[in-house]
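Protein chains: 2
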Amino acid sequence: MAQPSSSSKPVVPLLKDELDIVIPTIRNLDFLEMWRPFFEPYHLIIVQDGDPNRTINVPEGFDYELYNRNDINRILGPKASCISVKDSACRCFGYMVSKKKYIYTIDDDCFVAKDPSGKDINALEQHIKNLLCPSTPFFFNTLYDPYREGADFVRGYPFSLREGAPTAVSHGLWLNIPDYDAPTQLVKPLERNTRYVDAVLTIPKGTLFPMCGMNLAFDRQLIGPAMYFGLMGDGQPIGRYDDMWAGWCVKVICDHLGLGVKTGLPYIWHSKASNPFVNLKKEYKGIFWQEEIIPFFQSATLSKECTSVQKKKKK
Amino acid sequence: MAQPSSSSKPVVPLLKDELDIVIPTIRNLDFLEMWRPFFEPYHLIIVQDGDPNRTINVPEGFDYELYNRNDINRILGPKASCISVKDSACRCFGYMVSKKKYIYTIDDDCFVAKDPSGKDINALEQHIKNLLCPSTPFFFNTLYDPYREGADFVRGYPFSLREGAPTAVSHGLWLNIPDYDAPTQLVKPLERNTRYVDAVLTIPKGTLFPMCGMNLAFDRQLIGPAMYFGLMGDGQPIGRYDDMWAGWCVKVICDHLGLGVKTGLPYIWHSKASNPFVNLKKEYKGIFWQEEIIPFFQSATLSKECTSVQKKKKK
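Residue numbers (full-length UniProt numbering), protein chains in the order written: chain A, 1 to 315; chain B, 1 to 315.
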């Protein structure tokens with residue numbers, strides 16, 4: 001029997017019943033039309049931010065559940081205050097109500113990017129590949145992901161480390177509008193990311209990174225509870241640090257548990273820069289705060305009793 | 001006045017009087033013909049391995065000095081035993097006799113590679129760019145080298161770390177024949193590296209990597225004395241770990257001193273795989289050895305009194 005070529009659509013999409021796609025939004029989800037070939041087989045969890053009386057249109061054919069603020073308040077009661085209002089950080093409510101092992105989350109201004117050959121990039125498929133194959137947090141491989149076709153561990157890579165570590169997080173990147181802070185946006189208003197770097201790599205143990213929530217997948221069982229996106233938006237002093245907060249927590253915990261965090265492929269096409277003046281207002285206090293909080297995370301250590309993301313030290 | 005385009009040859013080559021090219025060899029250096037447009041302005045230090053009575057032909061027009069075993073014995077006297085015999089590790093003699101600030105070393109089976117647009121890659125120019133611009137060892141930037149044109153630090157990168165750290169080492173990669181160990185060569189005899197990853201990245205502080213000496217540049221003033229390539233070849237139990245040894249030492253010292261080590265671009269074209277059976281014989285004992293020695297380097301700490309690569313702790 002002929003094997004399907006790698007470019008043809010697989011008969012059963014990878015992890016079809018084990019992954020939810022979480023989308024925070026305030027608008028009609030027309031962007032899903034472009035993603036239809038890749039997302040339609042999956043279940044969507046839509047977290048509606050802002051006015052709960054507004055109707056969000058979801059293109060036909062998608063299988064979804066939608067939660068607005070009234071739903072969040074009803075389900076969480078007094079704890080609803082843990083979920084950000086008027087901020088895409090509200091997406092982490094979706095991570096919580098999911099029952100699946102894996103989550104992919106994407107912003108509604110992210111479109112399908114093309115690889116250098118002009119082919120549409122199935123971002124979800126690449127994230128799944130990243131999550132299903134091991135990471136290499138303990139030693140750097142100069143040819144990047146050693147498990148990828150056409151690559152391997154190079155000379156001098158310890159054999160005892162070639163089994164790798166389970167992957168907890170896959171952090172994807174962005175073509176067109178890069179994920180810059182307000183000061184960089186102000187200084188480089190015209191900068192666009194056009195460089196397609198054909199690599200996936202593990203962020204080494206002991207190294208923090210700026211985790212962006214725009215195009216992100218993770219293993220809920222391994223790291224889910226740490227994927228709490230910091231409280232931002234209405235009534236909060238800081239914005240645009242929700243995903244960063246989660247990233248710092250996640251990386252320290254993954255390092256402690258011996259889990260891997262990958263970054264690189266897949267790219268999405270980020271269509272529109274947010275307003276740098278609005279962003280500066282949101283970020284302003286965070287710019288000072290991160291200088292204090294990052295050294296804390298860099299030196300944080302966890303007890304040996306903490307053998308999973310849920311387990312805490314006994315008192 | 002018209003600016004020269006970035007692709008035209010600069011009038012004065014970068015670091016012309018501050019960089020030596022070190023080449024270990026046992027054969028005529030015909031491979032230099034291909035490198036002529038890029039290497040001719042620079043001074044070469046050729047370290048002739050094997051029979052000192054053999055004449056090594058160097059193509060006309062190159063400015064070079066050549067040392068054979070007789071020269072090494074004469075110059076170093078009893079200390080000549082520190083320089084490997086019948087092993088490309090002898091190249092570190094060239095690092096020693098150089099008076100320049102920067103070294104680029106390349107194997108004589110490495111040719112000019114082409115980038116995806118089909119243009120010849122000036123490997124030396126890219127190494128110089130890597131060395132002259134800062135590294136980011138303390139925090140990972142997801143868009144890779146933030147100092148590169150079209151890139152920057154992403155949202156969430158601490159502003160206090162954007163000055164970067166001085167770069168001590170630039171480790172380049174290889175298209176065609178990847179730098180695999182003997183077991184991998186045996187298992188994957190036909191594997192070729194065809195993936196051009198358009199990135200330069202800093203290997204984070206605290207992470208070791210397998211440093212290959214095939215296509216390597218460094219700042220002699222910052223890290224030179226640590227670039228001693230371990231004793232291999234005639235009379236030694238282990239081969240093919242000379243550059244690895246230097247890489248472990250260099251990385252631990254760079255981490256201690258707050259210096260950066262980069263890997264990625266530039267690629268060279270590695271023309272011919274060495275014999276995996278011969279390699280296995282050389283590597284055999286090293287395979288066990290590295291499993292013990294790497295944990296040593298991973299936990300090694302240096303005294304605060306060691307404020308340069310030369311300075312040692314007072315007794």
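All C-beta atoms, glycine included, are put in the ideal place defined by N, C-alpha and C.
Is the separation between the beta-carbon of residue i and that of residue j shorter than 8 Å?
i: residue 47(A); j: residue 90(A); result: yes
i: residue 158(B); j: residue 191(A); result: no
i: residue 264(A); j: residue 201(A); result: yes
i: residue 222(B); j: residue 146(B); result: no
i: residue 127(A); j: residue 95(A); result: no
i: residue 305(A); j: residue 315(A); result: no
i: residue 152(B); j: residue 188(A); result: yes
i: residue 142(A); j: residue 143(B); result: no
i: residue 50(B); j: residue 195(A); result: no
i: residue 39(A); j: residue 32(A); result: yes
i: residue 286(A); j: residue 85(A); result: no
i: residue 279(B); j: residue 182(B); result: yes
i: residue 44(A); j: residue 21(A); result: yes
i: residue 193(A); j: residue 210(A); result: no
i: residue 294(B); j: residue 161(B); result: no
i: residue 135(B); j: residue 311(B); result: no
i: residue 88(A); j: residue 235(A); result: no
i: residue 206(A); j: residue 206(B); result: yes
Residue i bridges to which residues according to DSSP?
i: residue 43(B); result: 20(B), 63(B)
i: residue 48(B); result: 25(B)
i: residue 217(B); result: 104(B), 170(B)
i: residue 226(B); result: None; residue 226(B) has no bridge partner.
i: residue 268(B); result: 174(B)
i: residue 201(A); result: 263(A)
i: residue 165(A); result: 135(A)
i: residue 233(A); result: 85(A)
i: residue 110(B); result: 270(B)
i: residue 193(A); result: 176(A)
i: residue 120(A); result: 114(A)
Taking its Cβ as the centre, do 16 or more other Cβ atoms sit within 10 Å of residue i, making it buried, or is it exposed?
i: residue 164(B); result: buried
i: residue 242(A); result: buried
i: residue 77(B); result: exposed
i: residue 266(B); result: buried
i: residue 2(A); result: For residue 2(A), the predicted structure reports a pLDDT of 42, less than 50, and the residue's modelled location is therefore unreliable. A value from the coordinates is still provided. By the neighbour-count rule (16 or more Cβ atoms within 10 Å), residue 2(A) is not buried but exposed.
i: residue 4(A); result: Bear in mind that the predicted position of residue 4(A) carries a pLDDT of just 45, short of 50, making it too unreliable to give a figure here.
i: residue 175(B); result: buried
i: residue 186(A); result: exposed
i: residue 113(A); result: buried
i: residue 74(A); result: exposed
i: residue 275(B); result: exposed
i: residue 118(B); result: exposed
i: residue 137(B); result: buried
i: residue 154(B); result: buried
i: residue 224(A); result: buried
i: residue 12(A); result: exposed
i: residue 277(A); result: exposed
Nearest to residue i by alpha carbon, out of the options?
i: residue 34(A); options: 108(A), 309(A), 184(A), 315(A); result: 108(A)
i: residue 168(A); options: 156(A), 142(A), 176(A), 216(A); result: 216(A)
i: residue 62(A); options: 140(A), 73(A), 41(A); result: 41(A)
i: residue 29(A); options: 188(A), 186(A), 13(A), 64(A); result: 64(A)
i: residue 228(A); options: 237(A), 234(A), 218(A), 235(A); result: 218(A)
i: residue 303(A); options: 280(A), 255(A), 275(A), 122(A); result: 255(A)
i: residue 252(B); options: 203(B), 281(B), 276(B); result: 203(B)
i: residue 220(B); options: 98(B), 179(B), 14(B), 193(B); result: 98(B)
i: residue 52(A); options: 14(A), 209(A), 66(A), 70(A); result: 70(A)
i: residue 54(B); options: 25(B), 180(B), 137(B), 262(B); result: 25(B)
i: residue 60(B); options: 82(B), 36(B), 83(B), 79(B); result: 36(B)
i: residue 273(B); options: 180(B), 56(B), 132(B); result: 180(B)
Show which residues of chain E have a CB atom less than 9 Å away from the CB atom of residue i.
i: residue 151(B); result: Structure shown: chain E not included; protein chains present are A and B.
Handout entry: Where the region 248-280 of chain A meets chain B: residues whose CB sits under 7 Å from a CB there
Key = 263
Exercise for the section: Please list the residues of the region 188-218 of chain A that have a C-beta atom closer than 9 Å to any C-beta atom in chain B, keeping them in chain order. Expected result: 188, 191, 192, 193, 194, 195, 196, 197, 198, 199, 201, 203, 204, 205, 206, 207, 208, 209, 210, 211, 212
Handout entry: Contact set between the region 130-145 of chain B and chain A, restricted to residues whose Cβ is under 7 Å from the partner
Key = 139, 140, 142, 143, 144
Practice task
Note down, in chain order, all residues in the region 172-188 of chain A with a beta-carbon under 7 Å from any beta-carbon belonging to chain B.
Solution key: 173, 178, 179, 180, 181, 184, 188
Problem - Near-chain A residues of the region 60-92 of chain B - C-beta to any C-beta below 9 Å - result: none
Practice task
For the region 286-303 of chain B, enumerate the residues whose C-beta is nearer than 7 Å to any C-beta of chain A, in chain order.
Solution key: 287, 290, 291, 294
Practice task
Please list the residues of the region 159-172 of chain A that have a C-beta atom closer than 8 Å to any C-beta atom in chain B, keeping them in chain order.
Solution key: 159, 160, 171
Problem - chain A contacts made by the region 217-233 of chain B, where a contact means CB separation under 9 Å - result: none
Exercise for the section: Scan the region 96-110 of chain B for residues whose Cβ lies nearer than 9 Å to a Cβ of chain A and list them as they occur along the chain. Expected result: Residues of the region 96-110 of chain B with a Cβ closer than 9 Å to any Cβ of chain A: none.
Exercise for the section: Compile a chain-ordered list of the residues in the region 14-40 of chain B whose CB is closer than 7 Å to at least one CB of chain A. Expected result: none
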